[in-house]
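Notes to accompany the following structure.
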Amino acid sequence: MERNPLKPLTATALGLVMAAGMAAADENAELVINGDIEIVTRTAAPEHMEYIDEIRSGWTFRSDDTQAFQMDDFDNPGMIFVDAAQEVWDTADGAAGKSCADCHGAPEEGMAGVRAVYPKWNEAAGEVRTLEMQVNDCRENRMEAEPWKWDSGDMVNMTALISVQSRGLPVSVAIDGPAAETWAKGKEIYYTRYGQLELSCANCHEDNYDNLIRADHLSQGQINGFPTYRLKNAKLNSTHARFKGCIRDTRAETFSPGSPEFVALELYVASRGNGLSVEGPSVRN
Amino acid sequence: MKRATLTIASLIASAGLAVGAEVAPLDVTFEDGAVAQSLSGAAGDAANGRKVVSTKGLGNCVSCHAISEMADDVPFHGEVGPILDGVADRWSEAELRGIVANAKMTYDGTIMPAFYKTTGYIRPGDAYTGKAAKSDPLPPLLSAQQVEDVVAYLMTLKEE
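Going down the list, the protein sequences come from chains A and B. Following this note's numbering, the numbering of the first sequence begins with 1 at its first residue and continues without gaps. Following this note's numbering, the numbering of the second sequence begins with 1 at its first residue and continues without gaps.
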């Protein structure tokens, strides 16, 4: 390439535009919640991943301001929804007259470590289950109550309450044995180029993480932080709602929250985060 | 009566001639990725092309590409694709037309979307609604004239 005397100037102007756009994050910042719970936000990729050496939480890609929200529960707007779920946890519902607490005790006891291993194979049902599926199984069959809609406030809030009981523990979903088939299906979806823009999850979150796409600093699309409180819509967002949004943005026909495709994709994407800490509810823009 | 009809017909015919025939997305011929003929049959308008390149609802090329010339008036340039400064020095008009119409004919498997293509998609949607596409073939992302406008704009990006 020929030398161009204008180049340095141009580069500076561009750099300015980019910096203004993203208020660049301190990539080496460490996340310790409430000065107490140490969160692993970067670690060696699990063995099954072929193209990435280091996995990183979405938190490491966010601006300093957004990162700060997650460092203290008093600043984390997602915690309000956790409190709401705690109330529901303690309240009886359904024909059996039971509350979650009646069978599981306090969430700190009954739900410790649960988030970290979901989605998980359920032997009796013969299927891989997400937390949402397991919660609704309890509601329908043990409480004789109506199931919650996948993306309802009650459901997303409850998954946040359950997630909090695993914060700081490493994600460790099983991908072998009976879960292997679902995992492989999820992997296939991850690498499929959907829609008129013909983009796969991997095109953005594997080939281009750390790059800007318009104003967005692309992360690895990890789900260790779910449900996430998004500043953009000021509520907790489920994993499947995020998947749906990302597929929609490729000008494709999406899958529905709770569909077998998204359950498989959730298992696969969760497994790409094996080793990162559970963070939910996290804060994202 | 007869005369009037004739005049209208000849007007249409001559308009058609002047503009040339539009090449439908399925009829575009690529030679080593390049497309020699104007897709609309007409010349491109670089000023409109600049708008297509920088506007979110249109080409939105800046979501992936930075262009220094636009740094002042268009915020948030992406870095997924190469900086487009000087593309007209690197590629001919026909090659640029090919890249915009269907970059996969130039770069095998590229992440860059094909802007003048209408079929062969997996789960095509109805724009950004998340719902199934209403037609097959789909409308292309850019019209023939918009592609020409974008190419005309790219041809202004010279450094040498």
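Heads up, the beta-carbon is just placed ideally off N, CA and C, and yes, glycines get one too.
Any non-hydrogen atom of the ligand SAH within 7 Å of residue i CB
| i | result |
| --- | --- |
| N34 of chain A | In terms of ligand content, the structure shown is empty, and the ligand SAH therefore cannot be addressed. |
C-beta atoms of residue i and residue j nearer than 8 Å
| i | j | result |
| --- | --- | --- |
| A114 of chain B | L39 of chain B | no |
| P77 of chain A | W89 of chain A | no |
| N208 of chain A | E279 of chain A | no |
| C201 of chain A | L218 of chain A | no |
| P257 of chain A | A160 of chain A | no |
| Y153 of chain B | R90 of chain B | no |
| G33 of chain B | G78 of chain B | no |
| A196 of chain A | L84 of chain B | For the sequence presented, residue 196 of chain A should be read as Gln rather than Ala. No, the Cβ-Cβ distance between Q196 of chain A and L84 of chain B is not below 8 Å. |
| H182 of chain A | L236 of chain A | For clarity, residue 182 of chain A is Thr in the given sequence; the question names His instead. Against a cut-off of 8 Å, the Cβ pair of L236 of chain A and T182 of chain A comes out as no contact. |
| A252 of chain A | Y194 of chain A | yes |
| L276 of chain A | S63 of chain A | no |
| T192 of chain A | I122 of chain B | yes |
| I189 of chain A | E261 of chain A | yes |
| A94 of chain B | A36 of chain B | yes |
Backbone CA spacing between residue i and residue j [nearest angstrom]
| i | j | result |
| --- | --- | --- |
| V147 of chain B | T29 of chain B | 15 Å |
| A11 of chain A | S238 of chain A | Residue confidence is low: A11 of chain A scores 37 on pLDDT, short of 50, so the model does not pin down where it sits. Its coordinate-derived value is still stated next. Taking the straight line joining both Cα atoms gives about 39 Å. |
| V171 of chain A | E109 of chain A | 18 Å |
| Y116 of chain A | P46 of chain A | For the sequence presented, residue 116 of chain A should be read as Ala rather than Tyr. Distance between the alpha carbons of A116 of chain A and P46 of chain A: 15 Å. |
| M38 of chain A | E132 of chain A | The question names Met, yet the displayed sequence has Glu at residue 38 of chain A. Spanning the two alpha carbons is a distance of roughly 26 Å. |
| A88 of chain B | M155 of chain B | 5 Å |
| A23 of chain A | A71 of chain B | Residue placement at A23 of chain A cannot be trusted, given a pLDDT of 48 that sits under 50; the coordinates are not used to answer. |
| I304 of chain A | L96 of chain B | Given that chain A is displayed from residue 1 to residue 285, the structure contains no residue 304 of chain A and the question cannot be resolved. |
| A99 of chain A | E87 of chain A | The amino acid occupying residue 99 of chain A in the given sequence is Ser; Ala does not appear at that position. So the alpha carbons of these two residues sit roughly 10 Å apart. |
| V74 of chain B | S54 of chain B | 7 Å |
| A101 of chain B | W148 of chain A | 46 Å |
| D93 of chain A | M111 of chain A | 19 Å |
| A68 of chain A | G120 of chain B | 45 Å |
| L265 of chain A | G221 of chain A | 12 Å |
| G109 of chain B | W150 of chain A | 35 Å |
| V156 of chain A | E22 of chain B | 51 Å |
| T60 of chain A | V62 of chain B | 24 Å |
| Y107 of chain B | F76 of chain B | 25 Å |
| D72 of chain A | L138 of chain B | 48 Å |
| V40 of chain A | T91 of chain A | 34 Å |
| M105 of chain B | S92 of chain B | 15 Å |
| A47 of chain B | K158 of chain B | 16 Å |
| G86 of chain B | K56 of chain B | 23 Å |
| A270 of chain A | M79 of chain A | 22 Å |
| E206 of chain A | D102 of chain A | 44 Å |
| D75 of chain A | A29 of chain A | 18 Å |
| A234 of chain A | V82 of chain A | 14 Å |
| S259 of chain A | E69 of chain B | 46 Å |
| G273 of chain A | G186 of chain A | 14 Å |
| L199 of chain A | G105 of chain A | 45 Å |
| P82 of chain B | D210 of chain A | 15 Å |
| K134 of chain B | L26 of chain B | 18 Å |
| E160 of chain B | I67 of chain B | 16 Å |
Beta-carbon separation (whole angstroms), residue i vs residue j, contact threshold 8 Å
| i | j | result |
| --- | --- | --- |
| I52 of chain A | T43 of chain A | Actually they are not in contact, since the Cβ atoms of I52 of chain A and T43 of chain A sit about 11 Å apart, beyond 8 Å. |
| V319 of chain A | T228 of chain A | This structure leaves residue 319 of chain A out entirely; chain A is present only between 1 and 285. |
| C64 of chain B | V52 of chain B | So it is not a contact: roughly 14 Å between Cβ atoms. |
| G59 of chain B | V150 of chain B | 6 Å |
| A96 of chain A | E144 of chain A | 5 Å |
| G44 of chain B | G20 of chain B | Actually they do not touch by this definition, with Cβ atoms about 13 Å apart. |
| I33 of chain A | R230 of chain A | The Cβ separation is near 18 Å, so there is no contact. |
| W121 of chain A | A174 of chain A | 7 Å |
| G113 of chain A | L31 of chain A | About 20 Å separates the two Cβ atoms, so there is no contact after all. |
| G130 of chain B | K244 of chain A | 7 Å |
| Y128 of chain B | D249 of chain A | 7 Å |
Per-residue contacts from residue i into chain C (C-beta, under 9 Å)
| i | result |
| --- | --- |
| C61 of chain B | Within the model displayed, chain C is absent; protein chains A and B are what it includes. |
Quiz item: Name the residues in the segment 181-193 of chain A whose C-beta lies less than 8 Å from a C-beta of chain B; which are they?
Solution: For the segment 181-193 of chain A, the beta-carbon criterion of a distance under 8 Å to any beta-carbon of chain B is satisfied by T192 and R193.
Practice problem: Could you run through the segment 252-265 of chain A and flag, in chain order, every residue whose CB is less than 7 Å away from some CB of chain B? | Solution: Look at the segment 252-265 of chain A: the residues with a C-beta under 7 Å from a C-beta of chain B are A252, E253 and T254.
Quiz item: Fully enclosed by the segment 80-130 of chain A, which alpha helix (DSSP H) runs are 4 residues long or longer?
Solution: Segments of the alpha helix (DSSP H) lying fully in the segment 80-130 of chain A: 100-104 and 107-110.
Self-check item: Contacting positions in the segment 193-204 of chain A - beta carbon closer than 7 Å to chain B
Solution: For the segment 193-204 of chain A, which is checked against every Cβ of chain B, the residues closer than 7 Å are R193, Y194, G195, Q196, L197, E198, L199 and N203.
Self-check item: Selection of the segment 225-256 of chain A by Cβ proximity to chain B, strictly under 9 Å
Solution: Within the segment 225-256 of chain A, K244, G245, I247, R248, D249, T250, R251, A252, E253, T254 and F255 place their CB atoms closer than 9 Å to a CB of chain B, listed in sequence order.
Quiz item: Taking the runs of the alpha helix (DSSP H) that are 4 residues or longer, which of them lie wholly in the segment 91-151 of chain B?
Solution: As summarised for the segment 91-151 of chain B, the continuous alpha helix (DSSP H) elements at least 4 residues long and confined to that stretch are 93-102, given in chain order.
Quiz item: What are the uninterrupted segments assigned as beta strand (DSSP E) that are 3 or more residues long and contained completely in the segment 221-268 of chain A, given in chain order?
Solution: Segments of the beta strand (DSSP E) lying fully in the segment 221-268 of chain A: 228-230 and 235-237.
Quiz item: If contact means a Cβ-Cβ distance below 7 Å, which residues of the segment 204-221 of chain A contact chain B?
Solution: Across the segment 204-221 of chain A, CB contacts with chain B closer than 7 Å involve D207, N208, N211, L212, I213, R214 and A215, in sequence order along the chain.
Exercise. Quick one: which unbroken alpha helix (DSSP H) runs of 4-plus residues sit fully inside the segment 128-185 of chain A? Chain order, please.
Key: Every unbroken stretch of the alpha helix (DSSP H) spanning 4 or more residues and falling wholly within the segment 128-185 of chain A is given here in chain order: 131-137 and 153-164.
Quiz prompt | Near-chain A residues of the segment 45-57 of chain B (beta-carbon distance less than 7 Å), N- to C-terminal order | solution = For chain A, none of the residues of the segment 45-57 of chain B brings a beta carbon within less than 7 Å of one of its beta carbons.
Exercise. Please name the residues in the segment 138-149 of chain B whose beta-carbon is closer than 7 Å to at least one beta-carbon of chain A, in chain order.
Key: Taking 7 Å as the Cβ-Cβ cut-off against chain A, the residues of the segment 138-149 of chain B that qualify are L138 and L141.
Quiz item: Going along the chain, which residues of the segment 122-136 of chain B sit with their C-beta nearer than 9 Å to a C-beta in chain A?
Solution: Hits within the stretch, in order: I122, R123, P124, G125, D126, A127, Y128, T129, G130, K131, A132 and A133.
Quiz prompt | Start-end ranges of the alpha helix (DSSP H) lying completely within the segment 36-71 of chain B, minimum 4 residues | solution = Along the segment 36-71 of chain B, the alpha helix (DSSP H) occurs as fully enclosed runs of 4 or more residues at 46-54, listed in sequence order.
Quiz prompt | Contact residues within the segment 76-101 of chain B, judged by C-beta distance below 7 Å to chain A | solution = Correct list: F76, H77, G78, E79, V80 and D85.
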